[in-house]
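There are 2 protein chains.
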Amino acid sequence: MQVQIGRIKKDIDAIGEFTATPGKGITRLTFSQEYEKARSYIVEELRKIDAKVSITVAGNLRGRLEGSDKGKPVVMLGSHIDSVYQGGRFDGVVGVVSALEAARVIVDNNIAHRYPIDVVVFPEEEGSRFGSILVGSRAWAGKLSLDELSRLKDEQGIDYLKAMKQMDITPEDENILIPEQVKAMLELHIEQSLVLESKSLKIGVVEAIAGIRQFSVTLNGVSNHAGATPMSLRFDALQGAAEIISAVEDIANQHARKSTVATVGFLKCEPGQANVIPGRVQFTLDIRDTDSGSLDETVEKITTLIANTCQNRGLTYNLEPRSDTPPVVLSEKMVHLIERIARKRKLGTLRMISGALHDSSILAELTDVGMIFIPSKRGRSHCPEEFTDIGDIELGANVLLETAIELAT
Amino acid sequence: MQVQIGRIKKDIDAIGEFTATPGKGITRLTFSQEYEKARSYIVEELRKIDAKVSITVAGNLRGRLEGSDKGKPVVMLGSHIDSVYQGGRFDGVVGVVSALEAARVIVDNNIAHRYPIDVVVFPEEEGSRFGSILVGSRAWAGKLSLDELSRLKDEQGIDYLKAMKQMDITPEDENILIPEQVKAMLELHIEQSLVLESKSLKIGVVEAIAGIRQFSVTLNGVSNHAGATPMSLRFDALQGAAEIISAVEDIANQHARKSTVATVGFLKCEPGQANVIPGRVQFTLDIRDTDSGSLDETVEKITTLIANTCQNRGLTYNLEPRSDTPPVVLSEKMVHLIERIARKRKLGTLRMISGALHDSSILAELTDVGMIFIPSKRGRSHCPEEFTDIGDIELGANVLLETAIELAT
Chain R
37 MQVQIGRIKK
47 DIDAIGEFTA
57 TPGKGITRLT
67 FSQEYEKARS
77 YIVEELRKID
87 AKVSITVAGN
97 LRGRLEGSDK
107 GKPVVMLGSH
117 IDSVYQGGRF
127 DGVVGVVSAL
137 EAARVIVDNN
147 IAHRYPIDVV
157 VFPEEEGSRF
167 GSILVGSRAW
177 AGKLSLDELS
187 RLKDEQGIDY
197 LKAMKQMDIT
207 PEDENILIPE
217 QVKAMLELHI
227 EQSLVLESKS
237 LKIGVVEAIA
247 GIRQFSVTLN
257 GVSNHAGATP
267 MSLRFDALQG
277 AAEIISAVED
287 IANQHARKST
297 VATVGFLKCE
307 PGQANVIPGR
317 VQFTLDIRDT
327 DSGSLDETVE
337 KITTLIANTC
347 QNRGLTYNLE
357 PRSDTPPVVL
367 SEKMVHLIER
377 IARKRKLGTL
387 RMISGALHDS
397 SILAELTDVG
407 MIFIPSKRGR
417 SHCPEEFTDI
427 GDIELGANVL
437 LETAIELAT
Chain C
37 MQVQIGRIKK
47 DIDAIGEFTA
57 TPGKGITRLT
67 FSQEYEKARS
77 YIVEELRKID
87 AKVSITVAGN
97 LRGRLEGSDK
107 GKPVVMLGSH
117 IDSVYQGGRF
127 DGVVGVVSAL
137 EAARVIVDNN
147 IAHRYPIDVV
157 VFPEEEGSRF
167 GSILVGSRAW
177 AGKLSLDELS
187 RLKDEQGIDY
197 LKAMKQMDIT
207 PEDENILIPE
217 QVKAMLELHI
227 EQSLVLESKS
237 LKIGVVEAIA
247 GIRQFSVTLN
257 GVSNHAGATP
267 MSLRFDALQG
277 AAEIISAVED
287 IANQHARKST
297 VATVGFLKCE
307 PGQANVIPGR
317 VQFTLDIRDT
327 DSGSLDETVE
337 KITTLIANTC
347 QNRGLTYNLE
357 PRSDTPPVVL
367 SEKMVHLIER
377 IARKRKLGTL
387 RMISGALHDS
397 SILAELTDVG
407 MIFIPSKRGR
417 SHCPEEFTDI
427 GDIELGANVL
437 LETAIELAT
């Protein structure tokens, strides 16, 4: 059984048109106009193969092919279509359209399957609109209440539930996923790093997903005149931030585990004038590791660093946790299954760790999860230059298709 | 002769209403609606005393009291009314309204003066709208051509001359100031630092104004996924910036001269997402010193630092000079005159250095310049908390008035 790569390419091209920043990469924030166009495209494609389309809690989109046996747990295939600001065309989208194509192949060829197959699109995976990641999968898994969803707000102050309503996205099934209802979850995703490319391999099989702890940090100093205030009398919040950012890099670099990464990706400096000492700086911290003890240790070192730096500089600070997802070890059974199918297709595989989080991390607490990685050119991701060769997408989509058929029959 | 402090207070309160950020300090960008309201207020007050109001090159506002002798050079009193973003109510405004009040007292009391007296408002002193400081005085002094003015653009791409036109500000006198036309320039200004307060003195007499060199720095790295990219494969522009910012502080701190200051006041990080490695960072550099050799030395150290840091980190950079004003030693004659008048009024004085630039720095190349400082509470300036006691303003305005009378008679 083979996917039709022409259809996948058409899907990727169609969805790639829906961006708020044309010419400057993909900006498709959850429940934006662009998001809604992409979502409608998927819904239409699912309806063409008579999938039963429904909306679940938090706006997850589900297209179901019923199985021949009643009451069997579902084989779920999916990913996301929301993006970071000025991101790429492949992150998430490749997983969604490959799942869609797998469903098309199964329907076209009348492949018998006892288990239902769900093509799923999880909203707000990236957290770019509401500042919190994996929202769709977390809500569906019962880890985010409606009350918590209503407290997630975008920059305009619009909350998650209101944003859903504005796009006429109304859940038809508000039930939480329970383990008994899900046989397995499969996600095909671009690697977002250089490892596969550097080893000239096409298929990565994810063994574990790094845990992530994100914080929003605010440093408060004293805003004052840049010319008239002697160096010794300054309480410069940006100098405090610079010291902390440099030390964050040192802490991650010096860590014994190579999977430890720490990033400051956002920084805002107030009042932000060339001739005024910054009185207030806000920045984000993103710390990841596949080992939970090691992750805690890094967070501990960084929080101590922030406290000490601020004390030494006469600054005050606020450290607000934004997300905390523990590392996840994926199902050994699924790793073996994907490896077997790849081998049958004469594809070399590499067991890998995912430094990026995925909705699969959440599903892994409910069911067996398998993740297939395909190469990212030069490791670029979350940027307009993000690229994966269509031939590599075809290889990955075929492994996804065959794994899904094996699980569903 | 005494100023009427009630009138000065009324002026300050009236002008303090004109802000684009009510409740969050004064934001009065040059040729904005708020600026125009403040300027109109001054024009109206000048017309009440029959001053001859005119606009000179680059939108400098001049209100003239003609002298009894024909063809004598002018005694200029003035400052600015444009502000930084979310600045204070006193910076610049105190100098303008004290000059206005001096003119009112001279007219009210029919004080004979052989020399003309000009009350002057210089636009774009702070550089907050067009990114370049002291624009009005520099253009008037012949140091900025019309062509250069047309290349100064605000964030919306509106150039300086177009912004003037939008506010119907049309120069009636496009002549450049020449030394023969100006007998002296006097500016009263808040200190913007803690020195007077710490010595419980009310009057500072400025001997020298620090030179300033400003740069806009851009670092380019590679924007990539914050989770999937190992620390060793990163080209993080914000990490480069943090290293540079910390070293800028060290360089200024270690400098033998206590008057050396260096500030990074603005920083923008792109794409600015918690889970994306910053690929591009822009920041400003502001370096000041009263000694020109020492200023050059600091700039040299910092530019070498930027080059080395970028080379070590595999970043590229661009260093764009934004302004370059040499240190200025003010007229010894004026220092003595101000000290004598203060002494007569039984006021202790302190000879000081101004770390902040003023339009007086530019005028000092044409004529004798005197600058009078009055205390800033806790040294705060360029922020909403900026404050100077009305009693201190009265003392300073009286010294300004009497010095002006002495110079003009």
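As given, the protein sequences belong to chains R and C, one line each in that order.
Letter by letter, the first sequence follows residues 37 to 445 of the numbering used here.
Letter by letter, the second sequence follows residues 37 to 445 of the numbering used here.
For every residue, glycine included, the Cβ atom is placed at its ideal position computed from N, Cα and C.
When you compare the CB positions of R/Ile313 and R/Ser234, do they come within less than 9 Å of one another, or not? no
What residues of chain C sit near R/Asn211, judged by a beta carbon separation below 9 Å? The contacting residues do not exist; R/Asn211 stays about 30 Å from chain C at best.
Ends of the alpha helix (DSSP H) at R/Ile41? Ile41 to Gly52
Can you give the beta carbon distance from R/Ala440 to R/Ile226, rounded, assuming they're within the 8 Å contact cut? Contact doesn't hold; Cβ gap of about 19 Å is too wide.
Reference R/Glu72; option with closest CA among R/Gly59, R/Leu188 and R/Lys201: R/Lys201
Which residues, in order along the segment 297-309 of chain C, keep a beta-carbon less than 9 Å from a beta-carbon of chain R? Val297, Ala298, Thr299, Val300, Gly301, Phe302, Leu303, Lys304, Cys305, Glu306, Pro307, Gly308 and Gln309
9 Å Cβ cutoff met for R/Ile248 and R/Thr361: yes
Taking a cut of 7 Å between CB atoms, which residues from the segment 260-288 of chain R lie near chain C? Asn260, His261, Ala262, Gly263, Ala264, Thr265, Pro266, Met267, Leu269, Leu274, Gln275, Ala278, Glu279, Ile281, Ser282, Glu285 and Ala288
Count the other C-beta atoms from every protein chain shown that fall within 10 angstroms of the C-beta of C/Arg83, then say buried if there are 16 or more, exposed otherwise. exposed
Outcome for R/Pro420 when other beta-carbon atoms lying within 10 angstroms are tallied against a minimum of 16: buried
First through last residue of the beta strand (DSSP E) which encompasses R/Lys223: Looking at the sequence itself, residue 223 of chain R is Glu, so the reference to Lys does not match. Element bounds for R/Glu223: Val218 to Ile226.
Against C/Leu230, what residues of chain R qualify as contacts under a CB-to-CB distance less than 7 Å, listed in chain order? Leu269
Between the Cα of R/Gly172 and the Cα atoms of R/Ser412, R/His149, R/Ile205 and R/Ala283, which residue gives the shortest distance? R/Ile205
Between C/Val242 and C/Met112, which are expected to be in contact by the criterion C-beta below 8 Å, what is the C-beta distance as a whole number of angstroms? Going by Cβ atoms, the distance from C/Val242 to C/Met112 rounds to 16 Å, so no, they are not a contact pair.
Pick out the complete beta strand (DSSP E) segments inside the segment 275-358 of chain C, 3 residues or longer, and give them in chain order. 297-299, 303-306 and 316-325
Short-range partners of chain R found in the segment 411-444 of chain C, where Cβ spacing is below 7 Å: Gly415, Arg416, Ser417, His418 and Cys419
R/Ala433 and R/Val157: beta carbons closer than 9 Å? no
Counting beta carbon pairs with one atom in the segment 397-406 of chain C and one in the segment 216-231 of chain C, are three or more of them shorter than 8 Å? yes
So, is C/Gly42 buried or exposed, given that buried needs 16 or more other C-beta atoms within 10 angstroms? exposed
For the alpha helix (DSSP H) containing R/Thr439, list its first residue and its last residue. Ile426 to Ala444
Bridge-paired residues (DSSP) for R/Arg22: Outside the displayed span of chain R (37 to 445) sits residue 22 of chain R, for which this structure offers no information.
Is the closest heavy atom of the ligand ATP to the C-beta of C/Ser259 under 8 Å? Looking at this structure, you won't find the ligand ATP or any other ligand, since it has none at all.
State the start and end residues of the unbroken beta strand (DSSP E) segment that holds R/Val370. It should be noted that the sequence gives Met, not Val, for residue 370 of chain R. Segment Glu368 to Lys380 is the alpha helix (DSSP H) holding R/Met370; no beta strand (DSSP E) there.
I need the straight-line Cα distance from R/Leu386 to R/Lys380, nearest angstrom please. 15 Å
Using the C-alpha atoms, what's the distance from C/Gly301 back to R/Asp127? 36 Å
Whole-number beta carbon distance between C/Gly124 and C/Gly61, since they are thought to touch under 8 Å: 6 Å
For the alpha helix (DSSP H) containing R/Ile142, list its first residue and its last residue. Val129 to Asp144
Chain-ordered chain R contacts of C/Gln250 [CB-CB under 7 Å]: Ala310
Just to confirm, are C/Glu161 and C/Asp322 a CB contact at a threshold of 9 Å? no
Let me see if you follow: with CB-CB separation under 9 Å, is R/Asp49 close to chain C or not? no
For the beta strand (DSSP E) that R/Gly61 lies in, which residues bound it at each end? Counting along the chain, R/Gly61 falls outside any beta strand (DSSP E), and DSSP gives it neither H nor E.
Nearest-angstrom Cα distance between R/Phe166 and R/Ile51? 22 Å
Using a cut-off of 7 Å between C-beta atoms, extract the partners of R/Ser164 located in chain C. Gln309
Cβ neighbour criterion (16 or more within 10 Å) applied to C/Thr66: buried
Based on Cα-Cα distance, which residue from R/Ala277, R/Leu180, R/Asp47 and R/Ile169 lies nearest to R/Tyr77? R/Asp47
CA-to-CA distance, C/Ile169 to C/Arg358, given in whole angstroms: 9 Å
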